[in-house]
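Visitor: When we follow our numbering, the leftmost residue of the first sequence carries the number 39, and every step to the right adds one.
Note that the Cβ used here is the ideal one computed from N, Cα and C, for glycine as well.
What you are looking at is a predicted structure, and each value in this text was computed from that prediction instead of being measured.
Before anything else, here's the structure in question.
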Amino acid sequence: MFALCDCNNFYASCERVFRPDLKDRPVVVLSNNDGCIIARSAEAKALDVKMGSPWFRERDRLAGADAAIFSSNYALYGDMSRRVMETLHGLAPDVEVYSIDEAFILLDSAPLQYRAAEELCRHVKNRVLQWTGVPVSLGIGPTKTLAKAANRLAKKNVEYEGIFAMPEGDAADEYLARLDAADVWGVGFRYAPMLKRNGIRTALDLKRASDDWILRRMTVCGLRTVLELRGSVCHPFKTAPEPRKNIRSSQSFGEPVTSVIHLREAVASFMERACETLRGQRSTAGCVSVFIATSPHRDEQQYANGASRRLPSASDCTPTLVTAALECLEEIYVPGPRYIKAGVCLSDLRSARVRQNGLFDAAETERDIRLMAAVDRINSDLGRGSISVAASGRWKPRQWDMKQNCRSPRYTTRWKDLARVRATAGDGPTCRR
DNA sequence: TCTGGGGTCCTAGGACCC
DNA sequence: TCTGGGGTCCTAGGACCC
Numbered sequence: 039m040f041a042l043c044d045c046n047n048f049y050a051s052c053e054r055v056f057r058p059d060l061k062d063r064p065v066v067v068l069s070n071n072d073g074c075i076i077a078r079s080a081e082a083k084a085l086d087v088k089m090g091s092p093w094f095r096e097r098d099r100l101a102g103a104d105a106a107i108f109s110s111n112y113a114l115y116g117d118m119s120r121r122v123m124e125t126l127h128g129l130a131p132d133v134e135v136y137s138i139d140e141a142f143i144l145l146d147s148a149p150l151q152y153r154a155a156e157e158l159c160r161h162v163k164n165r166v167l168q169w170t171g172v173p174v175s176l177g178i179g180p181t182k183t184l185a186k187a188a189n190r191l192a193k194k195n196v197e198y199e200g201i202f203a204m205p206e207g208d209a210a211d212e213y214l215a216r217l218d219a220a221d222v223w224g225v226g227f228r229y230a231p232m233l234k235r236n237g238i239r240t241a242l243d244l245k246r247a248s249d250d251w252i253l254r255r256m257t258v259c260g261l262r263t264v265l266e267l268r269g270s271v272c273h274p275f276k277t278a279p280e281p282r283k284n285i286r287s288s289q290s291f292g293e294p295v296t297s298v299i300h301l302r303e304a305v306a307s308f309m310e311r312a313c314e315t316l317r318g319q320r321s322t323a324g325c326v327s328v329f330i331a332t333s334p335h336r337d338e339q340q341y342a343n344g345a346s347r348r349l350p351s352a353s354d355c356t357p358t359l360v361t362a363a364l365e366c367l368e369e370i371y372v373p374g375p376r377y378i379k380a381g382v383c384l385s386d387l388r389s390a391r392v393r394q395n396g397l398f399d400a401a402e403t404e405r406d407i408r409l410m411a412a413v414d415r416i417n418s419d420l421g422r423g424s425i426s427v428a429a430s431g432r433w434k435p436r437q438w439d440m441k442q443n444c445r446s447p448r449y450t451t452r453w454k455d456l457a458r459v460r461a462t463a464g465d466g467p468t469c470r471r
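Following this line, the structure appears as structure tokens:
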């Protein structure tokens, strides 16, 4: 049996942990550059604020509803996620961290002092809330897809108090009949209308669809979903995360950029970030690519292009990869267009344990490897960006830097942002920075 | 005026090999 | 006149996830 533990409205909940005054107010979190709405508290959802909708379209309405608005604060969300996951690891031996706000727990190996899976889940829910301040919901099922479905029902029905166990076999049918096919894990915005047109409206309809038809219309991925709804495990539990096959780092700019100087800073910065991830998973990259683009939403000259470079030998050395990325940029840059976005991608990743240098190429030296290890250690001890390639322009304000007008303090990762709590007799505690 | 960022897997078709 | 059978690799496009 699997349990899926999912944080409720994760980003919005993180903001509330340090702002108890926001308890009943609508809370909304925006994407980079304060562009789109990417998280909403229950109160904001009740106002029919849509996920992913552009902020400028909702602004007035939300202001009228006394909503609290936040720019995204990934330092905070990342650290809160780590706390939640650590708490889960302390309560069950097998935890698969699936995303920043979700984890699967293998219940078969859970401690025996819990008489039932539901009892363990109740304990998990209370403990995570108590230790981190983040509310979670749990769904239990014999497959991941059914655990996901159970989680969905746990969230939708207040009477379940955030925990729901999907019964096994046909006993699940009455619950699957209450779930839209579109809400099943693996059914996205493309397949949902197709299923509807063909009379498949609920998760139960999907469970009962013919294998042949599903295979034809939704490929083996769709068939796996259907088999999982019937109780056969197709998505196994993964204890250790697989290393990534591609690492991408891209960002929209706070303001459009025309000069190649600014694009170089951005590309170097993004590559530096990608390299940290690369070394973090102990990989090297054999291929570097870069892209730049104008805004498709503006009525002006459009340009988008990309270039890639295969390296003579795979590398994880920031200067080597930044140089390759800047060469790619030179290839595609044209003066004139107002660029709004750039990005880099590392691919053809391999294990850094085996370094194969070309016969005639400059080898990655032991010195480079030690240098990168030192850089990573310094940045880890003193904070990201403490040491950086000069090409990134990190020491000065940069024209393209992200717009974040409402970012909350980095409460848990910066000393100067630490929250101060003042308790006054008779009053509830107040929380201030 | 203002529209995010980071991933995975599968399939079909083309080019090539013997 | 008749023209097989078995494979790989790459790419683009499409689906999905958070």
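Would you call the region 258-271 and the region 323-337 in contact, with 3 or more CB pairs under 8 angstroms?
Guide: With the cut-off at 8 angstroms, the region 258-271 and the region 323-337 do not touch.
Visitor: Whether or not the region 298-317 and the region 440-458 are in contact is what I'm after, with contact meaning three or more pairs of Cβ atoms, one per stretch, closer than 8 angstroms; do they touch?
Guide: Because the criterion of three Cβ pairs below 8 angstroms is not met, the region 440-458 and the region 298-317 do not touch.
Visitor: Are PRO481 and GLU81 closer than 7 angstroms when you measure CB to CB?
Guide: Not covered by the structure: residue 481. The range shown for the chain is 39 to 471.
Visitor: Contact defined as beta carbons within less than 8 angstroms: I believe ALA50 pairs with ARG95. What is the distance between those atoms, to the nearest angstrom?
Guide: Not a contact, Cβ separation roughly 19 angstroms.
Visitor: Just list the residues that DSSP pairs LEU476 with in beta bridges.
Guide: With the chain represented from 39 up to 471, any question about residue 476 goes unanswered, as that position is not in the structure.
Visitor: How would you label VAL67, buried or exposed, when you count the other beta carbons within 10 angstroms and need 16 or more for buried?
Guide: Buried, by the Cβ-count rule.
Visitor: Go ahead and pull the three-state DSSP assignment for PRO64.
Guide: Correct three-state label for PRO64: coil.
Visitor: Along the chain, where does the alpha helix (DSSP H) containing GLY128 start, and where does it finish?
Guide: 112-129 is the span of the alpha helix (DSSP H), which, as asked, contains GLY128.
Visitor: Enumerate in chain order the residues of its own chain whose CB-to-CB distance from ALA429 is below 8 angstroms, with the five nearest sequence positions on each side excluded.
Guide: Counting only Cβ-Cβ distances below 8 angstroms, and skipping sequence neighbours, we find ARG302, GLU303, ALA306, VAL360, LEU364.
Visitor: So, using beta-carbon positions, are TYR449 and ALA461 closer together than 7 angstroms?
Guide: No.
Visitor: Taking a contact to mean a Cβ-Cβ separation below 7 angstroms, would you say ILE238 touches ALA219 in this structure?
Guide: Their beta carbons are under 7 angstroms apart, which means ILE238 touches ALA219 by this criterion.
Visitor: Taking just the CA atoms, how far does ILE76 sit from THR170?
Guide: If I take the Cα positions, the gap works out to 22 angstroms.
Visitor: Can you tell me the Cα-Cα spacing of LEU42 and ILE178, whole angstroms?
Guide: Going from the Cα of LEU42 to the Cα of ILE178 covers about 6 angstroms.
Visitor: Is the distance from the Cβ of ALA130 to the Cβ of ALA155 below 7 angstroms?
Guide: For ALA130 and ALA155, no; Cβs fall outside 7 angstroms.
Visitor: Can you give me the C-alpha to C-alpha distance between CYS325 and TYR112, rounded to a whole angstrom?
Guide: Near 28 angstroms, if we compare the C-alpha coordinates of TYR112 and CYS325.
Visitor: Whole angstroms are fine: how far does the CA of ARG376 sit from the CA of VAL133?
Guide: Answer to the nearest angstrom: the Cα atoms are 46 angstroms apart.
Visitor: Apart from the five residues just before and just after ASN284, which ones in its own chain have a Cβ nearer than 8 angstroms to its Cβ?
Guide: So the qualifying residues of the chain are CYS383, LEU384, SER385, LEU387.
Visitor: Alpha carbon to alpha carbon, how far is PHE56 from SER175? Give it in angstroms, no decimals.
Guide: Rounded to whole angstroms, SER175 to PHE56 spans 20 angstroms at the Cα level.
Visitor: Which residues in the same chain as GLU310 place their Cβ atom closer than 8 angstroms to its Cβ, once the five residues preceding and following it in sequence are excluded?
Guide: Closer than 8 angstroms at Cβ, skipping near neighbours: THR356, VAL360, SER426, VAL427, SER430.
Visitor: If you compare alpha carbons, which of ALA323, LYS434, PRO205 is closest to ARG393?
Guide: Answer by Cα proximity: ALA323.
Visitor: Would you call ILE416 buried or exposed, if buried means 16 or more other Cβ atoms sit within 10 Å of its Cβ?
Guide: Counting Cβ neighbours within 10 Å, ILE416 comes out exposed, since fewer than 16 surround it.
Visitor: What are the boundary residues of the alpha helix (DSSP H) that includes ASN14?
Guide: Because the chain here runs from 39 to 471, residue 14 falls outside it and cannot be looked at.
Visitor: Looking only at C-alpha atoms, which of LYS454, ASP59, ILE201 sits nearest to ASN164?
Guide: The candidate whose alpha carbon is nearest that of ASN164 is ILE201.
Visitor: By Cβ distance, which residues of its chain are closer than 8 angstroms to THR72, with the 5 residues on each side in sequence left out?
Guide: As written in the sequence, residue 72 is Asp, which differs from the Thr given in the question. Correct list, in chain order: TRP93, SER109, LYS441, GLN442, ASN443, CYS444.
Visitor: Does DSSP classify ARG471 as helix, strand or coil?
Guide: With a pLDDT of 49 at ARG471, under the threshold of 50, the modelled position of that residue is not reliable, and no figure is offered here.
Visitor: Do TYR371 and VAL298 come within 7 angstroms of each other at the CB atom, strictly closer than that value?
Guide: Yes; because the gap between Cβ atoms is below 7 angstroms, this pair is in contact.
Visitor: So, for LEU145: in the same chain, excluding its five sequence neighbours on each side, which residues have a beta-carbon less than 6 angstroms away from its beta-carbon?
Guide: MET39, ALA41, ALA155.
Visitor: In the DSSP assignment, find the unbroken beta strand (DSSP E) run with LEU349 in it and report its ends.
Guide: 342-353 is the span of the beta strand (DSSP E), which, as asked, contains LEU349.
Visitor: Which whole-angstrom value is the C-beta distance of PHE48 and PHE142, which I expect to be below 8 angstroms?
Guide: Their Cβ separation, rounded to whole angstroms, is 16 angstroms, which puts PHE48 and PHE142 out of contact at 8 angstroms.
Visitor: Taking the C-alpha atoms as reference points, what is the distance between VAL222 and LYS245?
Guide: Near 10 angstroms, if we compare the C-alpha coordinates of LYS245 and VAL222.
Visitor: Around the C-beta of ARG471, are 16 or more other C-beta atoms found within 10 angstroms, so that it is buried, or is it exposed?
Guide: Any reading at ARG471 must be qualified, since the residue scores a pLDDT of 49, below 50, and its modelled position is unreliable; the value itself is stated next. Exposed, because fewer than 16 other Cβ atoms sit within 10 Å of the Cβ of ARG471.
Visitor: Residues in the same chain with beta-carbon distance under 8 angstroms from MET123, minus the five sequence neighbours each way, listed in chain order, please.
Guide: Excluding residues within five positions, the ones whose Cβ falls inside 8 angstroms are VAL133, VAL135, ALA141.
Visitor: Can you check whether the CB of PHE308 is closer than 7 angstroms to the CB of SER321?
Guide: Not a contact, by the Cβ cut-off of 7 angstroms.
Visitor: Measure from the alpha carbon of ALA390 to the alpha carbon of each residue in MET410, GLY374, LYS379, GLU293, then state which is nearest.
Guide: Out of MET410, GLY374, LYS379, GLU293, MET410 has the C-alpha closest to the C-alpha of ALA390.
Visitor: So what does DSSP say about CYS444, is it helix, strand or coil?
Guide: Three-state result, CYS444: coil.
Visitor: According to DSSP, is THR240 helix, strand or coil?
Guide: It is a strand residue.
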